[in-house]
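There are 2 protein chains.
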Amino acid sequence: MKIKLKDRTSQVLPQGRRSYGQRCAVARALDYVGERWTLLLVRELMVGPKRFKDLFDGLPGIGTNLLSERLKGLEEAGIVSRRILPPPAGSTVYELTELGLGLEPVVFALGRWGHQFLSQHVPGEIWKPGWFMVALRATFRADKAAGIRARYELRVDGEVFQMEIAGDKLRVAQGPPSDPDMTLTTDMRTFVGLVSSTVSPHDALRSGKASVQKGPQELRRFVALFAWGARLQELEGGGARHSQGGVRR
Amino acid sequence: MKIKLKDRTSQVLPQGRRSYGQRCAVARALDYVGERWTLLLVRELMVGPKRFKDLFDGLPGIGTNLLSERLKGLEEAGIVSRRILPPPAGSTVYELTELGLGLEPVVFALGRWGHQFLSQHVPGEIWKPGWFMVALRATFRADKAAGIRARYELRVDGEVFQMEIAGDKLRVAQGPPSDPDMTLTTDMRTFVGLVSSTVSPHDALRSGKASVQKGPQELRRFVALFAWGARLQELEGGGARHSQGGVRR
DNA sequence: CGGTATCCGCAAAGATACTG
DNA sequence: CAGTATCTTTGCGGATACCG
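Listed in order, the protein sequences are those of chains A and B.
So in this note's numbering, spot 204 of the first sequence is number 205, and the numbers just go up one at a time.
So in this note's numbering, spot 212 of the second sequence is number 213, and the numbers just go up one at a time.
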């Protein structure tokens with residue numbers, strides 16, 4: 002990687018790139034993940050390890066050179082690690098390290114904030130099921146899942162995901178689960194409609210837009226696990242949940 | 002603070018600018034606030050309304066043209082509003098709108114993640130008290146503040162801030178409060194040392210690095226209100242607190 | 001498939017000068 | 001103080017070529 006040394010960037014910071022040069026946790030975070038594409042790349046890896054090709058497909062417009070450069074920088078920073086899957090797969094994949102997994106609250110917070118702008122429909126926009134899986138995790142209502150233990154198979158637009166709910170935890174990954182309690186097959190539009198309560202499970206099933214194998218009664222319960230629309234605000238805040246709104250003079 | 006999830010289709014996407022073109026809440030959020038300097042600008046406004054000059058001083062390296070451009074974009078997006086203070090002040094200030102205040106969880110999450118990199122000391126780095134006030138909000142432990150009602154005056158490196166704790170809420174603003182329960186005068190180094198528990202209140206006071214008027218017994222209690230170091234992780238997560246760690250194949 | 005390398009055009013960022 | 005205007009530099013996007 003070529004590094005153009007200028008006075009402020011000559012320090013041994015993250016990637017030798019343009020730094021804000023501020024002794025501030027927010028600025029420092031952005032020194033690491035503030036560049037274009039970086040947080041979207043992290044989002045891609047939040048559903049599990051991925052190959053270069055799959056990352057490339059999940060980030061339309063990035064270009065192989067830039068993707069390669071970002072991955073190298075993230076690997077250098079310890080946010081992403083590169084691994085070769087054991088035989089017979091043998092493919093090289095990228096995955097989030099523990100440090101990288103720590104970015105999930107950042108991505109979730111961004112998603113919850115950005116959610117309100119999705120009512121704008123922009124013509125050329127692309128839509129991938131994997132992104133929606135991240136959204137489900139960001140809107141998961143742990144309180145509603147207490148005591149639930151279930152494993153779901155979600156087939157959306159031909160892509161397969163597994164979701165496991167245990168206690169108040171939620172796990173999502175690519176690929177089919179073993180022995181699911183419910184298999185939901187549908188398209189993105191209907192899936193979003195279901196979770197956002199603009200399409201009822203009954204209507205979705207009756208119209209054939211969605212189908213359920215092994216446990217149709219689960220669908221209604223499943224849908225209730227996610228906070229969309231007005232309920233989303235209940236999730237906001239984290240540790241600073243109660244410190245909103247500064248004094249204004 | 003309540004987040005209005007009303008329809009914002011009338012809102013203008015940052016057009017003409019680079020959009021990711023993805024129908025994803027995270028990508029959409031980054032379309033609005035993903036550009037360089039933008040989230041740091043939001044951070045600056047999180048301690049209250051500011052004039053152009055003060056924003057400029059709080060963002061070393063930005064350049065007036067870029068600051069102006071960012072402010073214009075954020076105003077257009079409804080994240081920041083421009084206002085002229087009533088006489089006799091008459092100065093124009095920028096402040097976060099309700100939409101902009103919704104970004105606080107994002108900034109806090111970034112700060113909590115970036116915090117771990119601050120152990121690297123970079124020579125030329127700048128350090129401003131206002132940034133630290135945001136850090137205090139991001140690390141506030143609401144559980145430890147239950148039942149506390151106090152108003153603090155914090156004088157750090159000549160800058161004055163007010164902090165009010167009521168119930169489990171924390172408010173921070175610029176300027177002196179009326180009738181504070183404690184006034185703490187110190188420098189950044191000592192302040193950070195106190196909050197991070199690397200300097201004891203006793204030592205700080207005895208060495209003269211910090212001084213307290215009106216209620217020295219408050220200092221110890223004050224310091225305990227913030228989660229630094231290992232305790233920081235307890236604050237993580239927000240609504241997705243329990244959904245960390247996806248299934249990995 | 002899993003990348004690296006290069007080149008080119010354009011947009012964004014940085015630096016600085018200047019004005020109401 | 002509150003910005004605009006202008007110029008230079010850097011980063012990004014897109015294409016394409018090439019290699020293990």
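The C-beta atom is built at its ideal place from N, Cα and C for all residues, glycine as well.
Small disclaimer: the values here were computed from a predicted structure and weren't measured.
| Check | Outcome |
| --- | --- |
| On the DSSP letters alone, give me the boundaries of the beta strand (DSSP E) that B:Glu-96 sits inside. | 93–97 |
| Can you say whether B:Pro-181 is buried or exposed, counting buried as having 16 or more other CB atoms within 10 angstroms of its CB? | buried |
| Please list the terminal residues of the continuous beta strand (DSSP E) segment that includes A:Gly-168. | 160–168 |
| Whose Cβ in chain A lies nearer than 9 Å to the Cβ of B:Trp-132? | Gln-23, Arg-24, Cys-25, Ala-26, Val-27 and Ala-28 |
| A:Arg-156: which of A:Arg-142, A:Asp-144, A:Asp-188 and A:Ala-136 sits nearest, CA to CA? | A:Asp-188 |
| Would you list, in chain order, the members of the region 99–119 of chain B that have their beta-carbon closer than 9 Å to a beta-carbon of chain A? | Leu-100, Leu-102, Gly-103, Leu-104, Glu-105, Pro-106, Val-107, Val-108, Phe-109, Ala-110, Leu-111, Gly-112, Arg-113, Trp-114, Gly-115, His-116, Gln-117, Phe-118 and Leu-119 |
| With a threshold of 8 Å between beta carbons, is A:Ile-127 in contact with chain B? | yes |
| For the alpha helix (DSSP H) that contains A:Val-213, what are its first and last residues? | Unbroken run through A:Val-213 is the beta strand (DSSP E), 211–214; no alpha helix (DSSP H). |
| Could you tell me which residues DSSP puts in a beta bridge with A:Leu-155? | A:Phe-162 and A:Leu-185 |
| From the beta carbon of B:Arg-156, is the nearest beta carbon of chain A less than 8 Å away? | no |
| Would you verify that the beta carbon of A:Gly-91 is, or is not, closer than 8 Å to some beta carbon of chain B? | no |
| From B:Glu-211 to B:Ala-205, what does the alpha carbon distance come to, in whole angstroms? | It should be pointed out that residue 211 of chain B corresponds to Ala in this sequence rather than to Glu. If I take the Cα positions, the gap works out to 5 Å. |
| What residues in its chain sit with their C-beta under 6 Å from that of B:Gly-252, if we drop five residues either side in the sequence? | Only positions 2 to 250 of chain B appear in this structure, which leaves residue 252 of chain B out of reach. |
| Between B:Ala-78 and B:Asp-55, what straight-line distance do the alpha-carbon atoms span, to the nearest angstrom? | 22 Å |
| In terms of DSSP beta bridges, what is A:Val-81 paired with? | A:Leu-97 |
| Taking DSSP as the reference, what is the three-state secondary structure of A:Ala-225? | coil |
| Any idea what DSSP makes of A:Ala-147, helix, strand or coil? | coil |
| Within 8 Å (strictly less), CB to CB, does B:Leu-75 reach chain A? | no |
| Where does B:Gly-35 fall in DSSP's three states? | coil |
| Can you give me the C-alpha to C-alpha distance between B:Leu-104 and A:Trp-114, rounded to a whole angstrom? | 7 Å |
| State the Cα-Cα distance for the pair B:Gln-245 and B:Ala-146, rounded to the nearest angstrom. | Residue confidence is low: B:Gln-245 scores 35 on pLDDT, short of 50, so the model does not pin down where it sits. No coordinate-derived value is stated. |
| Can you check whether the C-beta of A:Leu-40 is within less than 8 Å of a C-beta belonging to chain B? | yes |
| Considering only the alpha carbon of each residue, which of A:Gln-163, A:Glu-45 and A:Ala-228 lies closest to A:Leu-195? | A:Ala-228 |
| Hey, does A:Ala-205 have any beta-carbon neighbour from chain B nearer than 8 Å? | no |
| If you reduce the DSSP assignment to three classes, tell me which class A:Arg-232 lands in. | helix |
| Taking just the CA atoms, how far does A:Gly-101 sit from A:Leu-72? | 12 Å |
| What did DSSP end up calling B:Val-196 once you bin it into helix, strand or coil? | helix |
| To the nearest angstrom, how far is the alpha carbon of A:Leu-171 from that of A:Arg-221? | 17 Å |
| Cα separation between B:Ser-20 and B:Asp-32? | 5 Å |
| Roughly how many angstroms lie between the CA atoms of B:Arg-52 and B:Met-134, to the nearest whole one? | 18 Å |
| Are the CB atoms of A:Glu-154 and A:Pro-130 nearer to each other than 8 Å? | no |
| Where do the ends of the alpha helix (DSSP H) carrying B:Ala-205 lie? | 202–207 |
| Give me the Cα-Cα distance between B:Thr-93 and B:Leu-75, rounded to the nearest whole angstrom. | 16 Å |
| By Cβ distance, which residues of its chain are closer than 8 Å to B:Asn-66, with the 5 residues on each side in sequence left out? | none |
| Cutting at 6 Å between CB atoms, please list the residues of its own chain near B:Glu-237, excluding the five before and the five after it. | none |
| Would A:Ser-208 and A:Gly-230 be called neighbours here (beta carbons separated by less than 8 Å)? | no |
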